[in-house]
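> Numbering-wise, UniProt numbering puts 168 at position 168 of the sequence shown, and it's gapless, one number per residue.
Pasting a structure below so you can have a look.
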Amino acid sequence: MRRSGSLARQVLFAGRVARRGEGNVAGATSLLVPAAETDTRTGRVRLPRLRMRRRDGLSRDLTTLAPVSPPPVTTPVIPPVDEPAALAIPLLPGERTVARRIRFALVNACTLSSLMLGLSAIFIAVNQGDVRVAASLLIACVIFDGLDGFLARRLGVASPFGAQMDSLADMCSFGLAAPVVVYAWLNGSAPGWLLVPACALVAAAAAIRLARFNVSPKDGRFFCGVPTTMCAAVLALGTLIAPEMPAALRVAGVVLLGLAMVSSFPYAKLARLLKLPPWLLVLPVVGALVNYRVTFVVVVLAYLISGPLLWLKQRNSQTA
Numbered sequence: 001m002r003r004s005g006s007l008a009r010q011v012l013f014a015g016r017v018a019r020r021g022e023g024n025v026a027g028a029t030s031l032l033v034p035a036a037e038t039d040t041r042t043g044r045v046r047l048p049r050l051r052m053r054r055r056d057g058l059s060r061d062l063t064t065l066a067p068v069s070p071p072p073v074t075t076p077v078i079p080p081v082d083e084p085a086a087l088a089i090p091l092l093p094g095e096r097t098v099a100r101r102i103r104f105a106l107v108n109a110c111t112l113s114s115l116m117l118g119l120s121a122i123f124i125a126v127n128q129g130d131v132r133v134a135a136s137l138l139i140a141c142v143i144f145d146g147l148d149g150f151l152a153r154r155l156g157v158a159s160p161f162g163a164q165m166d167s168l169a170d171m172c173s174f175g176l177a178a179p180v181v182v183y184a185w186l187n188g189s190a191p192g193w194l195l196v197p198a199c200a201l202v203a204a205a206a207a208i209r210l211a212r213f214n215v216s217p218k219d220g221r222f223f224c225g226v227p228t229t230m231c232a233a234v235l236a237l238g239t240l241i242a243p244e245m246p247a248a249l250r251v252a253g254v255v256l257l258g259l260a261m262v263s264s265f266p267y268a269k270l271a272r273l274l275k276l277p278p279w280l281l282v283l284p285v286v287g288a289l290v291n292y293r294v295t296f297v298v299v300v301l302a303y304l305i306s307g308p309l310l311w312l313k314q315r316n317s318q319t320a
């Protein structure tokens, strides 16, 4: 019984070892059970000694088997969580000294002045005030709009915040105030079904023009389309001098300016216009002394036509 019990334990232990080695083909084992032997002198049956044979050809006794320890448990490494970026973005990049802050505030004061003047022009036009006063306020908006950009570059406080704020002020002063003043000027002399779409076209074209300007690369020589500042200046001057022409032609001029703002024609900047031959610069001055209304219309039409002419010139030079 002792031998038989020992044999049973060996068989159980061998089965457990065999199951443990099933996952590893190279280290799998099989149980060798030799036949029982009978002692001729004593007549007793000698139980066989169990041996384990590996599939790789090696064999060993069960007594030399050592328990297999489980693989070590590894703790997963959790990556560090990045801290959220700061939400506060400085409006003025660079060194933030008191002197630079004062210069920065001065530039933005010019932008806000242009915005307030545009609102004042709207209030005067809506309340049926003097349209010439409203047009004069638009001219002041143009002056302050050019002044804030000049000071920002001159004082070294140009920033993305200032550029976006300038665009918003331009939309109010030139995209909204200018068509409202023109509507107050031509209301009654031109039919409403023609005047209202023309003024709405100027507002929509100004919004498209400003948005395109913010996302487009800048060219130091030409504008892509007539800028909103120049369009507002032409409309304000046209209201002040009131050129003698039918109301339908005035509305057609408003529509032409709106379409020129969203066009892709190149229009020369002021610095490039000043490099023209002197006689071309003196000619408008002489014409203004003779008849400033006609001279104004001729100069505006010449500038509007210059865009398509430059476009054709550039296209021919590229194809040549």
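For glycine and all other residues, C-beta sits at the position ideal for the given N, C-alpha and C.
Is the beta carbon of A158 sitting closer than 7 Å to the one on A121?
For A158 and A121, no; Cβs fall outside 7 Å.
> Return the CA-CA distance between L195 and A236, expressed in angstroms with no decimal places.
16 Å
> Under a Cβ-count criterion, where at least 16 other Cβ atoms within 10 Å of its own Cβ denotes burial, should D130 be classed as buried or exposed?
With fewer than 16 other Cβ atoms within 10 Å, it is exposed.
> Give me whichever residues DSSP pairs with F222 in a beta bridge.
A268
> Quick check: what's the CA-CA separation for V294 versus A288?
8 Å
> Going by Cα to Cα distance, which pick from L92, W279, A184 and G149 is closest to F123?
A184
> Bridge partners for A190 per DSSP, in chain order?
According to DSSP, A190 bridges with N187.
> Given a cut-off of 7 Å, decide if F144 and S114 are closer than it, judged by their beta-carbon atoms.
yes
> From L147 to S264, what distance separates their C-alpha atoms?
26 Å
> Report the start-end ranges of each alpha helix (DSSP H) in the stretch 277–302 that is 4 residues or longer and not cut off at the edges.
278–290
> Helix, strand or coil: how does DSSP classify K313 here?
Residue state, collapsed to three classes: helix.
> Against chain D, does V126 count as a neighbour if the rule is that its beta carbon must be under 7 Å from one of theirs?
The structure shown has no chain D; it contains just one protein chain.
> Rounded C-beta distance between G238 and A203? I'm assuming under 8 Å.
So it is not a contact: roughly 17 Å between Cβ atoms.
> Determine contact between the stretch 261–275 and the stretch 217–232, defined as no fewer than three beta-carbon pairs at a distance below 8 Å.
Note that the stretch 261–275 touches the stretch 217–232; at least 3 beta-carbon pairs, one per stretch, sit closer than 8 Å.
> If you measure between the beta carbons of A247 and A190, is that distance less than 7 Å?
yes
> Could you compute how far the alpha carbon of L91 sits from the alpha carbon of V107?
Near 13 Å, if we compare the C-alpha coordinates of V107 and L91.
> Just how far apart, CA to CA, sit A302 and A99?
45 Å
> So the candidates are C110, S136, V142 and R132; which of them puts its Cα closest to the Cα of residue 342?
The displayed coordinates of the chain run from 1 to 320. Any statement about residue 342 would go beyond what the structure contains.
> Are A252 and V181 close, meaning C-beta to C-beta below 7 Å?
Taking 7 Å as the Cβ cut-off, A252 and V181 do not qualify as a contacting pair.
> When you compare only the Cα positions, how much space is there between residue 324 and L138?
The structure shown does not extend to residue 324, since the chain is modelled only from 1 to 320, so the question has no answer here.
> Output yes or no for whether 7 Å exceeds the beta carbon distance between A233 and L304.
no
> Using 10 angstroms around the beta-carbon of G15, count the other beta-carbons present and answer buried if the total reaches 16, otherwise exposed.
Note on G15: pLDDT 48, under 50, position unreliable in the model; the coordinate value appears next. Exposed, by the Cβ-count rule.
> Report the three-state DSSP secondary structure of L91 (helix, strand or coil).
coil
> Starting from C172, follow the alpha helix (DSSP H) in both directions and report where the run begins and ends.
Where C172 is concerned, there is no enclosing alpha helix (DSSP H), given that its DSSP letter is neither H nor E.
> Taking all protein chains shown into account, do 16 or more other C-beta atoms lie within 10 angstroms of the C-beta of P278, making it buried, or fewer, making it exposed?
exposed
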